[in-house]
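Structure first, then comments.
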Amino acid sequence: MGRVILDNVVKRYRDVVAVDHVSLTVEEGEFVALVGPSGCGKTTTLNLIAGLLELSEGNIYIGERLVNDLDPKDRDIAMVFQNYALYPNKTVYKNLAFPLQMRKTPKDQIDQRVRETARLLSIEPLLERRPKELSGGQQQRVALGRALVRNPQVFLMDEPLSNLDAKLRVQMRAELKRFHQDINATIVYVTHDQLEAVTMADKMAVMSGGLLQQYDAPDIVYNQPVNTFVAGFVGSPAMNLLSATVEVDGDTTWLRNGNDWASALDAKRGAIAQSASTDAVIAGLRHNAIHLSPTETPGAIPVRIYTVEPTGDLTFVHGYLGDLLIVASVPPGTQMHPDDIVWATFDLDQMHLFDGVTQMALASEA
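Structure below.
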């Protein structure tokens, strides 16, 4: 397996910049997820690595080779697509064997490689079936096997789970993670589902508007987002982002949003808030950092409940903080109802603060 290096990679379509000076390194054996909303440039980046698109600027290295001018077949990569792209008229065995036959691999080696791959992916009983006789999860394993049988340096995967139902997606996430661990594969994986990235990847590259926003381990991206885009994109439900003005009253620093709400900060958060470029900041709070109570307490902020969503282990409460719809979580069985007024307090230890102008994190609040 090899590593992948993107060095100031750019892809332009006339006046549109689809990938904007992206630089990152996927180390040998790493599982890296490219995540972001539709149109952010993640699939374009994957296709540039594969050689399916021509670079506008920059360099791409796979292993020790500069591959800018190499055809896809010469880059020693294997792709797994969303639609699996299996040959419907061929058995599973022949689907797995086909990439090796195209390389004129000797028949005895083909048989050995196909059966080793089938054993690794637990699809040995399926070798004589055709794709139409397989479930979605089985087809996905065969698509993986057809990539694995070539023993490439790098696996490139473009939303391979998006056609599966919710239960099977969870199962296949676990199987993909085990597949990665068993063969120590270098994997670049595109998904719009940040939960897939958080659960499977060693690192995640969050993209927006063709730009790489943050590239780090999932727990760091989740706990230390570098800007409001990453904060709002990674995590389900999304982080609450509350615009506020910083006001200093004696020894106390306040966050205030007009007449809607005000919250006093501790000394640490107060100093961070005052470091913003102006008096405008954005407070970031995940659902578990907003505590709701049916009774008023000193410093609490009134919230009018919009809707309540029981999920089993947690209940999500959506409510209006002034004109802003926020979401908080309460223990299951907590009695709260639409149009009730409840009282919110903020967990300052879990509050993130962002510059209201640049929208960049003011400090690490992990």
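Note that the numbering used here has the sequence shown beginning at 1, numbered continuously upward.
No residue lacks a Cβ here, since even glycine has one placed at the ideal position from N, Cα and C.
{"Item": "Tell me whether the beta-carbon of Ala231 lies closer than 9 Å to the beta-carbon of Ala143.", "Value": "no"}
{"Item": "Quick one, are the C-beta atoms of Leu100 and Arg150 less than 9 Å apart?", "Value": "yes"}
{"Item": "Roughly how many angstroms lie between the CA atoms of His337 and Asn89, to the nearest whole one?", "Value": "57 Å"}
{"Item": "Could you have a look at Glu336 and say whether DSSP puts it in helix, strand or coil?", "Value": "The identity of residue 336 in the sequence shown is Met, whereas the question assumes Glu. Coil."}
{"Item": "Measure the alpha-carbon distance for Gly284 versus Thr358 and round it to whole angstroms.", "Value": "15 Å"}
{"Item": "Would Glu54 and Val9 qualify as a contact pair, given that the criterion is a beta-carbon distance under 9 Å?", "Value": "no"}
{"Item": "If you run the structure through DSSP and keep just helix, strand and coil, what is Val92?", "Value": "helix"}
{"Item": "Measuring only the C-alpha atoms, how far is Tyr189 from Glu175?", "Value": "14 Å"}
{"Item": "Would you kindly report the start and end of the unbroken beta strand (DSSP E) that includes Ala328?", "Value": "324-330"}
{"Item": "Measure the Cβ-Cβ separation of Met207 and Val32 and say whether it is below 9 Å.", "Value": "no"}
{"Item": "Among residues of its own chain, excluding the 5 on either side of Gly63, which ones have a beta-carbon nearer than 6 Å to its beta-carbon?", "Value": "Gly2, Gln153"}
{"Item": "Cutting at 7 Å between CB atoms, please list the residues of its own chain near Gly235, excluding the five before and the five after it.", "Value": "Tyr222, Arg286"}
{"Item": "Answer yes or no: do Ala185 and Gly51 have a C-beta to C-beta separation smaller than 9 Å?", "Value": "no"}
{"Item": "Beta-carbon within less than 7 Å of Ala20's beta-carbon, same chain only, minus the 5 sequence neighbours each way: which residues are those?", "Value": "According to the sequence displayed, residue 20 carries Asp and not Ala. Answer for Asp20: Val10, Gly210, Leu211, listed in chain order."}
{"Item": "CA-CA distance, Gln194 and Gly36?", "Value": "8 Å"}
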